[in-house]
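**Student:** Residue numbering for the sequence shown follows the working numbering, beginning at -12 and increasing consecutively. Okay, handing you the structure first.
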Amino acid sequence: MEHGSGAERQLAAILVACTEADPCLSGACTQCGGRLQLAALDLADRFVRGPARAMRGRMTMITVVPSWGCVLPGDLDEAVCQRVLAAVKAAAVASGITPSIFSLDISFNEDLTGEGPPPHWCVHAAGLATDWFSQAQQARFRFAFPRSDWVKRPVWFEPIDASGVAERYALKPDRGRRVTHWDEHRLNASGGPSTKTTPRGLRAIQADELAMVEHQLGLAGRVIGCGIDDDAVERALGGFNWVRDGP
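Structural data, given as C-alpha cells:
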C-alpha cells in the first residue's frame, strides 16, 4: 500500500500514525477494529445476551451470505457492503429475528478444484439473536436470500448457549482468504475425493483493495442492530461515526 496510488499511500500513513492515545478510527485499522468489536460486544451483552440469559439462556448464531455480496476482484465497494447489511436488517425485522446484532465479514474466496466459481470477494454478515427460532421464522428469513450457483447455502442458523465465548465468536471480524481444494483423504458420496476449505492470509493486492473499501465504509458501517432502539445503537457506536479525513 505504501507504494500504491496516492489514496493508498495516504491511507497507509493514517494507519501507521494510529496510536492508543490518538486512534485513527479507520475502518481498515485492525487496532481500531478491536475497539469496535468491544463496543459491539457491549451492545450485544445489553440487548441480546442479557435478555437471553434472563429467559432460557439460549441464543442463535446466524450467518448470512447473500449472492449479491459475491463480487469479482476490483468490484468490491462500499455500496455492496451497505446493501448486505441493509438486506439482513430488513429480513431480521420482517421475520421477527429480533433483537439481534450483526457485523460485517469480508473474505476472499478461491476454488482450486476447477468446479467452483472464479476467485471472488464474499461480503457476508454474522450475528446473534435471542432464543431459538421457529421453522416458520427461519423460512421467512431464508426466503430473502435465495441460493445461487455461487452460494449453495446462504443462511445458517446455529442454536448456542448464552455464553460470552459464543458471543465473541459470532462477532469476530473476518479478514482472510478461503481456499477450497480437493481432499484426497476424505471421500464424497460418489467415492471420489471431497473438497476442503482452508483459511489463508490475503495476498498484498487483495489486502490493499479490502483496506480501501473498509476505510470508505468506516467502522460504524460494519455493525447493525435489528429490533434495538436506534438511539441506544447510536450511543454505543457513536464514537465510531466519524467523518473521513483522507482518501
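We put the beta carbon where it would ideally sit given N, CA and C, even for glycine. Note that this is a predicted model, so its numbers are computed, not measured.
If we require 4 or more residues per run, which alpha helix (DSSP H) segments fall completely within the stretch 42 to 109?
**Tutor:** Runs found: 65 to 82.
**Student:** Please report the straight-line C-alpha distance between Arg33 and Glu65, rounded to a whole angstrom.
**Tutor:** Between Arg33 and Glu65, the C-alpha separation is close to 29 Å.
**Student:** Along the chain, which unbroken stretches of the beta strand (DSSP E) at least 3 residues long are found entirely within the stretch 109 to 193?
**Tutor:** The stretch 109 to 193 contains these whole beta strand (DSSP E) runs: 142 to 148, 162 to 174 and 180 to 187.
**Student:** Just grab the DSSP bridge partners of Ile1 for me.
**Tutor:** Looking at the DSSP assignment, Ile1 forms no beta bridge with any residue, so it has no partner.
**Student:** To the nearest angstrom, how far is the alpha carbon of Cys109 from that of Pro38?
**Tutor:** Their backbone Cα atoms lie some 32 Å apart in a straight line.
**Student:** May I ask which residues mark the beginning and end of the alpha helix (DSSP H) holding Gly21?
**Tutor:** Thr17 to Ala31 is the extent of the alpha helix (DSSP H) around Gly21.
**Student:** When you compare only the Cα positions, how much space is there between Thr50 and Glu97?
**Tutor:** Each residue's Cα considered, the two are about 20 Å apart.
**Student:** Let me know if Val230 comes out buried or exposed under the rule of 16 or more other beta-carbons within 10 Å of its beta-carbon.
**Tutor:** Its pLDDT being 44, under 50, Val230 is placed unreliably in this model, and the value from its coordinates should be taken loosely. Burial call: exposed.
**Student:** On the DSSP letters alone, give me the boundaries of the beta strand (DSSP E) that Val210 sits inside.
**Tutor:** Residues Val210 to Cys213.
**Student:** For Gln193, count neighbouring Cβ atoms within 10 angstroms of its own Cβ and tell me buried if that reaches 16, exposed if not.
**Tutor:** Under this definition Gln193 is a buried residue.
**Student:** Ile88 and Ile215 look like a contact to me (Cβ under 8 Å); what is the Cβ gap, rounded to whole Å?
**Tutor:** Right, the Cβ-Cβ distance comes to about 7 Å (below 8 Å), so this counts as a contact.
**Student:** Can you name the start and end residues of the alpha helix (DSSP H) that Val220 belongs to?
**Tutor:** From DSSP, the alpha helix (DSSP H) with Val220 extends over Asp217 to Leu224.
**Student:** Quick one: what does DSSP say Leu12 is sitting in, helix, strand or coil?
**Tutor:** Of the three classes helix, strand and coil, the one that applies to Leu12 here is coil, per DSSP.
**Student:** Can you tell which of Val58, Gln18 and Ala81 has its C-alpha closest to the C-alpha of His111?
**Tutor:** Ranking the options by Cα distance to His111, first place goes to Val58.
**Student:** If you draw a straight line from the alpha carbon of Leu30 to that of Cys16, how long is it in whole angstroms?
**Tutor:** So the alpha carbons of these two residues sit roughly 21 Å apart.
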